[in-house]
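*Asks:* Below are the structure tokens for one structure; questions will follow.
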Amino acid sequence: MADTVNTKTAASPGGLRGLLRSMIGGLGLLRESTIGMIGFGLVFVWALVALFAPLISPLSPTAQIQPFAPPGTVTETGQTLWLGADQLGRDVLSRIIYGSRTVLFYAPIATFCAYFVGCIFGLLAGYLGGWVDDLLNRVADIILAFPVLVLYVVIIVLIGPSGLNIILAVTFASAPGIMRIVRGLTLDLRNRDYIAAAQTSGASLSWILFVELLPNARGPLIVDACLRMGYVIITIGVLGFLGLGLPPPTPDWGSMVAQSRAMITFAPWMAIFPAIAISSLVLGFNLLADGIREISLRD
Amino acid sequence: MSQASTPTFDWTPDQPVLECEGLCISYFTRAGEIPAVLDFDLKVMQGQSVGLVGESGCGKSTVAMAVMRYLGRNGGIVGGTVRYKGRDMASLSAEELRQLRGGEIAMIYQEPMASLNPSMTLGRQLMEVPLNHESGISEKEAHERAAQMLADVKLPDPERVMRAYPHQISGGQQQRVVIAMALLSQPSLLLLDEPTTALDVTVEAGIVELIGEIAARFNTSMIYISHNLGLILETCDRINVMYSGVVVEEGSVEEVFDRMRHPYTRGLFNCIPLPGADKNARPLIPIVGQLPLPHERPQGCYFGPRCEFFEGGRCDAGPIPMETIPDQTGHRTRCLRWQEIDWDAKARGSDAGEEIDEGEVVLRVDSLRKYYEVRDSSIAALISGKRLRHVKANERITFDAREGQTVAIVGESGCGKSTFAKVLMGLETATEGSIAFREADLADKPIEKRSAAEIASMQMVFQNPFDTLNPSHTIGGQLARVIKKFGVEKDPAKVRQRVLELLDLVKLPREFARRRPRQLSGGQKQRVGIARAFAGNPKMVVADEPVSALDVSVAAAVTSLLTDIQRSYRTTLLFISHDLSLVRYLADRVVVMYLGHIVEQGTTDEVFSPPYHPYTEALLSAVPIADTSIEKKRIILEGALPSVLNPPKGCPFNTRCHRKIGRICETEVPPMVETEPGHVIACHIPEEELRAMDPVIAEKRPAAAE
Chain A
515 MADTVNTKTA ASPGGLRGLL RSMIGGLGLL RESTIGMIGF GLVFVWALVA LFAPLISPLS
575 PTAQIQPFAP PGTVTETGQT LWLGADQLGR DVLSRIIYGS RTVLFYAPIA TFCAYFVGCI
635 FGLLAGYLGG WVDDLLNRVA DIILAFPVLV LYVVIIVLIG PSGLNIILAV TFASAPGIMR
695 IVRGLTLDLR NRDYIAAAQT SGASLSWILF VELLPNARGP LIVDACLRMG YVIITIGVLG
755 FLGLGLPPPT PDWGSMVAQS RAMITFAPWM AIFPAIAISS LVLGFNLLAD GIREISLRD
Chain B
276 MSQASTPTFD WTPDQPVLEC EGLCISYFTR AGEIPAVLDF DLKVMQGQSV GLVGESGCGK
336 STVAMAVMRY LGRNGGIVGG TVRYKGRDMA SLSAEELRQL RGGEIAMIYQ EPMASLNPSM
396 TLGRQLMEVP LNHESGISEK EAHERAAQML ADVKLPDPER VMRAYPHQIS GGQQQRVVIA
456 MALLSQPSLL LLDEPTTALD VTVEAGIVEL IGEIAARFNT SMIYISHNLG LILETCDRIN
516 VMYSGVVVEE GSVEEVFDRM RHPYTRGLFN CIPLPGADKN ARPLIPIVGQ LPLPHERPQG
576 CYFGPRCEFF EGGRCDAGPI PMETIPDQTG HRTRCLRWQE IDWDAKARGS DAGEEIDEGE
636 VVLRVDSLRK YYEVRDSSIA ALISGKRLRH VKANERITFD AREGQTVAIV GESGCGKSTF
696 AKVLMGLETA TEGSIAFREA DLADKPIEKR SAAEIASMQM VFQNPFDTLN PSHTIGGQLA
756 RVIKKFGVEK DPAKVRQRVL ELLDLVKLPR EFARRRPRQL SGGQKQRVGI ARAFAGNPKM
816 VVADEPVSAL DVSVAAAVTS LLTDIQRSYR TTLLFISHDL SLVRYLADRV VVMYLGHIVE
876 QGTTDEVFSP PYHPYTEALL SAVPIADTSI EKKRIILEGA LPSVLNPPKG CPFNTRCHRK
936 IGRICETEVP PMVETEPGHV IACHIPEEEL RAMDPVIAEK RPAAAE
């Protein structure tokens, strides 16, 4: 076994590098799913747009140029308003481009927070069972029984419009659902022999929950996270529409649609283009989720 | 049967019912075409039973599926023919095939529950068979036929079963219903794919007997797929041994069992613990290496790389044809060297080992009880006020184990052996009684309260190889974690060194430390499981059916590994199993459990020979033994295992006992009779009568095989 001695040094590969490699490997697999690739493409394009917004945006998102200019209008200074302008004369295209930053910043953070809370309670409920499970489930029932819109309004009344309320509202509304999923996965996983092996080697509760259980639930959770990201984008839109999102003049797709409501008959571009932006990104995440599921179902 | 779609056959009973010639089956995957079965020949005559034996992945089930013409979307027959009653099945139309399946050819699968529709009554499901396959049959007639068939498969109270849903009857009864369903259409050919693997051994014995009777009574031909050579001996006339997609040997059961002419067949027999095998004097001989993957089959003989008679340049030159052995009834082998091999010579590596001398008592369990509380919230319970009921999982468990000893706990599922293991490991606490383990009392000490040393000194090997390792972490990581947890080593370099040593200990290559469980085979995973258990130099290892999910050749290797390590560490092994052959081979002491009670315990020789407890006697008779020179007494237990929620009064075994002596069995808990020092039987039958019992397993008297 002389030739295997050098493997000693590499017994445990670097965590981050390993993760990166598995992600690239996953992308390679995703290539076999056309739907997944379309979804990935949509999300990737929006991510690039958000990242390079200052470079690709033709105008400032807050500059007031020509109110109600229809798409394609050329201004006096020679700039083209490709998607028209809103009631304050701001370029819709630039506002959509900058608006993607809001969405792609808050949607992942909010989803992550929801997952953080949902996973902890789901793992606890599923693994411990008994009264912990009962209690957490009843709490989840109560939250789920609460109309989300009322919930949002309560939150806004309490803390006012800010980025934080997007995260809070999404976490509050999604965590119970995530908890249910994680709980279900945990119920299945906790009877596996490797969990018994961890128990009989005296592992602590947090070790069993986060090291033994959670990584094995990741498959369905990744798919769900992609789908949920889509819902969160819609939620952010809804919050913006209700005026509960970020305070103006921050460009926000939801509030862009909301503001155009009264003018929709004579300036439809103000509503249509932000709506298309929302749909395409949501569609991207949904298709990506479908693709991942399709791949994971194969062999 | 005069429907237009029903296939017609020009067939007389002296022709084979099913004939496969040069059958080749492939699966088409992303990686390309994968040949699953190659050059498969088979001939089944009317009323004949043919066994297909081989380890998992050798193509047995694929053959059955190909006969049914049901290979799924990615499988296909790429060569050869299947002729059913003289007609090439490829020439049948889809409608004719549909009539054939379930009508002429019926199949019985491993999991009875999966074959039955849970939302339909069994009667309705049974009646559908004649209603679908025969025209002009009335509901009433179908009902009568179904009820009659249920009586034929010896189900008590057929009318009640007809009204029941699948979950309301036991697993053994479900399998009987499935068999009844298969027989209802009076098939000419019955395909049985491991029909008893999911059942307990005493239930299995009943089903096997039933299958034998059916063959005789209905003159049905059968293809019996199994990995269990003992079952094949009990059910079949002819046997085909498969290896990696090809038949390596075929012939009558007696010829193949007594005068095998292929090294693989011989290897298989050396892997199974037959009576007479002994871990010290005559250890099992595992087949080296592992089954090649279908796309990595070697040139020439597929068994070549694992064969002790391999001859380079000849065995790996080209495809090996089947050769007929003269003067026998169609005994054929796929071996070039069968005439050169000395088949009577002692196989390689069967050296006798030394006996371990047993040390002092390590574990002493004294009248241990484990009850679970169940809250009954039914209306009946509310009225009677008996809301709290007890599941009596363990009842007065008393035994001890010495250093270096192997103690086997035997019993069918639901006898409380796993609950006992949980209490021992500290995952549950005992309701009453004590567990003295090296001076400490562990009965009330849950795992959280045990010290690292206490935890490390008692470890467990688990049953399911696919579950025993966490799929998300590397092998090395999981081993290192346990080493650190047990406080064996703290320094990272030393931990790493210890991981590699553990891999050496279980004879796995060191680079496995970096692999993940999915890259390992079942046997390899089980080895890692053993390495993990031995990471903290345990004094005692509890092995819960460690090899029952493995193939015979792999099981033999894992078993001998376990005993080797045990021997060198002088560890006490508590071996939980339902496999009596393996227990006889491996254990020094045997504890037989039934419904949470110990019904008999003693040394292995004492338990396996009279006097027996009646339950032990029934268990022994139920175990199929792959040896033609052995004769067994047939004892079939009636009825199902009683519920632990409502166990019978008196002797727990009285509801199924074939030697019940009267009222006393139902009213009084039997006394512990000590027939020899250390050999205890809990039974009301007088000791002299127990002593006078005949042995269950005996050599055939009039000049057997040798």
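From first to last, the protein sequence lines are chains A and B.
Heads up, the first sequence is in the working numbering, so the first residue is 515 and it goes up one at a time.
Heads up, the second sequence is in the working numbering, so the first residue is 276 and it goes up one at a time.
Glycine included, each C-beta is placed from N, C-alpha and C at the ideal position.
Going along chain A, which residues have a C-beta under 9 angstroms from Gln-738 (chain B)?
*Replies:* Asp-707
*Asks:* Do Ala-381 (chain B) and Leu-465 (chain B) have their C-beta atoms closer together than 8 angstroms?
*Replies:* A contact, by the Cβ cut-off of 8 angstroms.
*Asks:* Just list the beta strand (DSSP E) runs in the region 652-721 of chain B, keeping only unbroken ones of 3 residues or longer that don't cross its boundaries, in chain order.
*Replies:* 663-677, 681-685, 707-712
*Asks:* Less than 8 angstroms between the C-beta atoms of Ile-972 (chain B) and Glu-875 (chain B), yes or no?
*Replies:* Cβ distance not < 8 angstroms, so Ile-972 (chain B) and Glu-875 (chain B) don't count as in contact.
*Asks:* Give me the DSSP bridge partner(s) of Ile-956 (chain B).
*Replies:* B:Glu-875, B:Val-948
*Asks:* Going by DSSP, what residue range makes up the beta strand (DSSP E) through Tyr-518 (chain B)?
*Replies:* 513-518
*Asks:* What residues from the region 746-762 of chain B come within 9 angstroms of chain A, judged by C-beta to C-beta, listed N to C?
*Replies:* Pro-746, Ser-747, His-748, Thr-749, Gly-751, Gly-752, Gln-753, Ala-755, Arg-756, Val-757, Lys-760, Phe-761
*Asks:* Express the C-alpha separation of Leu-474 (chain B) and Met-388 (chain B) in angstroms, rounding to a whole number.
*Replies:* Distance between the alpha carbons of Met-388 (chain B) and Leu-474 (chain B) is about 11 angstroms.
*Asks:* With the cut-off set at 8 angstroms, would you say Asp-819 (chain B) and Met-733 (chain B) are in Cβ contact?
*Replies:* In this structure, Asp-819 (chain B) lies away from Met-733 (chain B), with their beta-carbon atoms at least 8 angstroms apart.
*Asks:* Taking the continuous beta strand (DSSP E) assigned at Glu-726 (chain A), which residues delimit it?
*Replies:* First-last for Glu-726 (chain A): undefined, no H or E at that position.
*Asks:* To the nearest angstrom, how far is the alpha carbon of Ala-772 (chain A) from that of Thr-587 (chain A)?
*Replies:* Those two C-alpha atoms are separated by around 23 angstroms.
*Asks:* Give the interface partners of Ala-818 (chain B) over in chain A, defined as CB-CB distance under 9 angstroms, in chain order.
*Replies:* Under the 9 angstroms cutoff, chain A gives no residues; its nearest Cβ is about 12 angstroms from Ala-818 (chain B).
*Asks:* My parser needs the alpha helix (DSSP H) runs of 4 or more residues fully inside the region 404-452 of chain B; what are they?
*Replies:* The region 404-452 of chain B contains these whole alpha helix (DSSP H) runs: 414-427, 433-438.
*Asks:* Helix, strand or coil: which one does DSSP assign to Leu-744 (chain B)?
*Replies:* coil
*Asks:* Going residue by residue through the region 897-925 of chain B, where are the continuous beta strand (DSSP E) segments of at least 3 residues, counting only ones entirely within it?
*Replies:* 905-907
*Asks:* At least one CB of chain B closer than 8 angstroms to the CB of Ser-715 (chain A): is that the case?
*Replies:* yes
*Asks:* In angstroms, rounded to a whole number, what distance separates the CA positions of His-986 (chain B) and Glu-524 (chain B)?
*Replies:* Residue 986 (chain B) lies beyond the residue range present for chain B, which begins at 276 and ends at 981; the question has no answer from this structure.
*Asks:* In angstroms, rounded to a whole number, what distance separates the CA positions of Met-535 (chain B) and Leu-836 (chain B)?
*Replies:* 27 angstroms
*Asks:* Can you name, in chain order, every residue of its own chain whose Cβ lies under 6 angstroms from the Cβ of Ala-979 (chain B), other than the five neighbours on each side?
*Replies:* Summary for Ala-979 (chain B): the model assigns pLDDT 41, below 50, so the residue's position carries little reliability, and this model does not support an answer.
*Asks:* Have a look at B:Val-521, B:Arg-492, B:Gly-937, B:Ala-457 and flag the residue whose alpha-carbon is nearest the alpha-carbon of Glu-296 (chain B).
*Replies:* B:Val-521
*Asks:* Taking buried to mean at least 16 other C-beta atoms within 10 Å of its own C-beta, is Met-868 (chain B) buried or exposed?
*Replies:* buried
*Asks:* Using a beta-carbon distance below 8 angstroms, is Pro-729 (chain A) in contact with chain B?
*Replies:* Pro-729 (chain A) counts as touching chain B.
*Asks:* Got a sec: which bits of the region 704-727 of chain B sit with their beta carbon under 8 angstroms from any beta carbon on chain A, in order along the chain?
*Replies:* Ile-722, Glu-723, Arg-725, Ala-727
*Asks:* Give the single residue among B:Val-452, B:Thr-834, B:Leu-848 whose Cα lies nearest to the Cα of Lys-429 (chain B).
*Replies:* Of the candidates B:Val-452, B:Thr-834, B:Leu-848, the one whose C-alpha sits nearest the C-alpha of Lys-429 (chain B) is B:Val-452.
*Asks:* Among A:Met-784, A:Leu-802, A:Ala-791, whose alpha-carbon lies nearest the alpha-carbon of Gly-603 (chain A)?
*Replies:* The candidate whose alpha carbon is nearest that of Gly-603 (chain A) is A:Met-784.
*Asks:* Give the range of the beta strand (DSSP E) segment to which Gln-734 (chain B) is assigned.
*Replies:* Taken as a continuous stretch (DSSP letters only), the beta strand (DSSP E) holding Gln-734 (chain B) covers 733-736.
*Asks:* Is there a C-beta anywhere in chain A that falls below 8 angstroms from the one on Ile-730 (chain B)?
*Replies:* yes
*Asks:* Once DSSP output is grouped into helix, strand and coil, what is the label at Tyr-384 (chain B)?
*Replies:* coil
*Asks:* Measure the alpha-carbon distance for Thr-616 (chain A) versus Asp-600 (chain A) and round it to whole angstroms.
*Replies:* 19 angstroms
*Asks:* Please name the residues in the region 564-586 of chain A whose beta-carbon is closer than 9 angstroms to at least one beta-carbon of chain B, in chain order.
*Replies:* none
*Asks:* Between the region 675-705 of chain B and chain A, which residues of the former have a C-beta closer than 7 angstroms to a C-beta of the latter?
*Replies:* Met-700, Leu-702
*Asks:* Please go through the same chain and pick out, in chain order, the residues whose beta-carbon is closer than 8 angstroms to the beta-carbon of Ala-455 (chain B), but skip the five residues on each side of it.
*Replies:* Leu-401, Ala-421, Met-424, Leu-425, Asp-427, Val-428, Leu-430
*Asks:* Count Cβ pairs between the region 773-780 of chain B and the region 734-745 of chain A that sit closer than 8 angstroms; are there 3 or more?
*Replies:* By the Cβ test, the region 773-780 of chain B is not in contact with the region 734-745 of chain A, since fewer than three Cβ pairs between them sit closer than 8 angstroms.
*Asks:* Name the two residues that bound the continuous alpha helix (DSSP H) containing Val-858 (chain B).
*Replies:* 855-861
*Asks:* Please report the distance separating the alpha-carbon of Pro-527 (chain A) from that of Glu-786 (chain B).
*Replies:* Bear in mind that a pLDDT of 42 at Pro-527 (chain A), under 50, signals an unreliable position, so the number given afterwards is only what the model happens to contain. If I take the Cα positions, the gap works out to 13 angstroms.
*Asks:* Quick one, which residues of the region 793-815 of chain B are near chain A if we go by CB-CB under 8 angstroms, in chain order?
*Replies:* Gly-804, Arg-807
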